[in-house]
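Each step along the sequence shown adds one to the number in UniProt numbering, with nothing skipped, and position 193 is 193.
Yeah, the Cβ is synthetic: ideal placement off N, Cα and C, and Gly gets one too.
Owing to the predicted nature of the structure, the values given are computational and were not obtained by experimental measurement.
Here the structure comes first, spelled out in structure tokens, and everything after it is commentary.
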Amino acid sequence: MGNDAPAQPRDLIITAVETRFVRVPLAFGYSSGKSVVGGRPMGPGAGQYTGSVILLLRTDSGLTGIGDIIVKGGDPRAGQAAQLYVEAFLAKSLVGQSAFDVDRIMSRLWGITTHDSTVYAAGIDLALHDLMGKALGVPLYKLLGGRSRASVPLTWNVPATRDVDLMVDQARDAVERGFRHVVKVKTGTPWDVEALTAIQAAIGPDVPLRPDDNGAFLAGDSIKRFGTARQRGVQFECLEQPAPNEDLPGLRRVADALGERVMYHVGYVRLSVAHEIIRHRWCDVVSVPVFRHGLRQAAQLVRAFELVGIGCAMGSGLESSIGATAAVHAATALENYCYPIDTLGPHWFAEDILTDTSHFGAGYASAPEGPGLGIELDWDQVEKLSR
């Protein structure tokens with residue numbers, strides 16, 4: 001055999017699993033679910049936090065895979081519990097395995113994962129893909145099928161607050177900075193119509209809105225509320241979860257009554273629910289977040305929905321810039337992520353744990369071209385935010 005035979009990638013045997021918990025300050029107020037909080041810019045330490053368990057998979061080749069497990073709210077006790085769960089329990093399924101055996105590893109992990117612990121499996125999935133990309137010398141999006149778009153459009157998320165002027169100010173500021181694809185507005189409050197109308201008037205008719213009810217209202221109520229808002233000049237991109245989470249037929253009732261697209265978004269998409277959505281076409285869009293599903297399962301779902309003409313978006317749980325970068329790789333590769341994604345990464349944070357976050361711009365993000373995730377941890381920042 002000649003000397004021009006292709007080089008064989010390393011076996012990538014995982015030798016150790018390490019974790020670090022960081023508490024990252026937010027630059028803005030944030031609302032999730034049905035909660036309502038403030039929305040003015042805040043300085044470091046002045047308000048809310050997100051938490052991340054940084055996952056480090058060490059290998060016999062010397063390469064290290066980086067993953068991200070979200071800890072909502074940045075509670076240190078929850079972060080410590082997450083570290084213990086990974087290092088004392090999940091590590092047993094990883095040490096001694098080849099990162100290239102991602103299907104077998106993840107099938108085993110999903111088999112022991114509950115609905116409330118999907119972020120653990122997802123974080124491990126990210127680290128495995130990061131390792132494979134590094135070993136092969138290619139950016140992660142190439143492992144998922146290659147580049148389907150040059151850059152990924154981003155939403156801007158306006159938190160719900162009773163002071164509608166604050167909501168208007170944040171929406172206007174975001175649009176002026178370049179977030180012109182769609183402005184997502186947390187709704188599910190008694191003043192939704194007032195807020196949506198004021199925001200649309202402030203930013204103009206060319207930037208549509210994506211109200212996110214989080215299932216706070218019945219379908220009939222949503223038909224009335226959003227119908228009134230539309231009469232007042234509000235332009236909708238789509239309506240996110242405008243019926244209770246368990247009411248799949250309600251989504252279709254809203255869509256048919258208003259002639260608007262509706263999105264299913266409840267965090268983790270149960271496979272049984274995905275089957276029902278595909279079978280009955282209860283919605284037009286499904287949010288498939290990478291921080292909940294990981295890359296392997298997200299790709300499976302996004303491609304399944306593509307087969308029946310259902311588009312995909314991507315929600316965010318304030319994952320760190322590690323997880324946000326993985327999300328951008330997924331949306332770069334998977335063509336059916338055809339709606340702007342919520343994953344803003346460093347735009348949310350007053351401080352960051354990466355050395356470079358320039359791949360997140362105003363209104364767009366682009367996948368780094370380095371091997372794997374293409375990112376480097378800023379260890380000084382990791383140490384600082386670990387205290």
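With a threshold of 6 angstroms on Cβ separation, who are the neighbours of GLY74 within its own chain once the five nearest residues in sequence on each side are excluded? One-based indexing of the sequence shown puts residue 74 at position 74. Result list for GLY74: ARG23, TYR49, THR50, GLY51, in chain order.
Every unbroken alpha helix (DSSP H) within the stretch 207 to 247, with a cutoff of 4 residues, ordered by chain: 219 to 231
Does the separation of the CB atoms of VAL285 and LEU301 fall below 7 angstroms? The residue given as residue 285 occupies position 285 in the sequence shown. The residue given as residue 301 occupies position 301 in the sequence shown. Cβ distance not < 7 angstroms, so VAL285 and LEU301 don't count as in contact.
Length of the line joining the Cα atoms of VAL273 and TYR85: Along the sequence shown, read from residue 1 onward, the residue named residue 273 stands at position 273. Along the sequence shown, read from residue 1 onward, the residue named residue 85 stands at position 85. Spanning the two alpha carbons is a distance of roughly 28 angstroms.
Residue range of the alpha helix (DSSP H) that ASP68 falls in? Taking the sequence shown and counting its residues from 1, the one referred to as residue 68 is at position 68. Not the alpha helix (DSSP H): ASP68 falls in the beta strand (DSSP E), residues 64 to 71.
Candidates ALA324, GLU335, CYS338, ARG279: closest to PRO368 by CA position: To locate residue 368, count along the sequence shown from 1; it is residue 368. Among ALA324, GLU335, CYS338, ARG279, the Cα nearest to that of PRO368 belongs to ALA324.
Can you give me the Cβ contacts of CYS338 inside the same chain, cut-off strictly under 6 angstroms, excluding the 5 residues immediately before and after it? Residue numbering aside, residue 338 sits at position 338 when the sequence shown is read from its first letter. Once the five neighbours on either side are set aside, the close Cβ partners of CYS338 are GLY311.
Mapping DSSP to helix, strand and coil, what is residue 465? The requested residue 465 is not part of the displayed model; the chain covers only 1 to 387.
Which of the three DSSP states is assigned to GLY45 in this structure? Along the sequence shown, one-based indexing puts residue 45 at 45. Per-residue confidence for GLY45 stands at a pLDDT of 37, beneath the threshold of 50, marking its modelled position as unreliable; the derived number appears in the next sentence. In the three-state DSSP reduction, GLY45 falls in the coil class, being neither helix nor strand.
Pull the bridge partners of ALA365 from the DSSP assignment, please. What you label residue 365 is simply residue 365 of the sequence shown in a count that begins at 1. Its beta-bridge partners are VAL152, PHE360.
Anyone know if the C-beta pair for ASN123 and GLY67 falls short of 7 angstroms? As a first step, residue 123 is located in the sequence shown; it is residue number 123 there, counting from the start. As a first step, residue 67 is located in the sequence shown; it is residue number 67 there, counting from the start. Rather than Asn, the amino acid found at residue 123 in this sequence is Gly. Yes, these two residues count as a Cβ contact at 7 angstroms.
Enclosing beta strand (DSSP E) for MET314 [first to last residue]: If you number the sequence shown from 1, residue 314 lands on position 314. Going by DSSP, MET314 is part of no beta strand (DSSP E) at all; its letter is neither H nor E.
Give me, in chain order, the residues of the same chain whose beta-carbon lies closer than 6 angstroms to that of ALA16; leave out the 5 immediate sequence neighbours on both sides. For the purposes of this step, residue 16 is identified with residue 16 of the sequence shown, where counting begins at 1. Result list for ALA16: ARG58, in chain order.
Within a Cβ cutoff of 6 angstroms, which residues of the same chain sit near GLY215, ignoring the five residues on either side of it in sequence? Translated into positions along the sequence shown, residue 215 becomes position 215. Hits under 6 angstroms: GLN241, PRO244, ASN245.
Given a threshold of 16 other Cβ atoms within 10 Å of its Cβ, counted over all protein chains shown, does PRO190 qualify as buried or as exposed? As a first step, residue 190 is located in the sequence shown; it is residue number 190 there, counting from the start. By the 10 Å Cβ count, PRO190 comes out exposed.
When DSSP builds the beta bridges, which residues end up paired with LEU57? In the sequence shown, the residue the question calls residue 57 occupies position 57. In DSSP, LEU57 forms a bridge with VAL17, GLY65.
Would GLY363 be called buried (16 or more neighbouring beta carbons within 10 Å of its own) or exposed? As a working mapping, residue 363 is identified with position 363 in the sequence shown. Label assigned to GLY363: buried.
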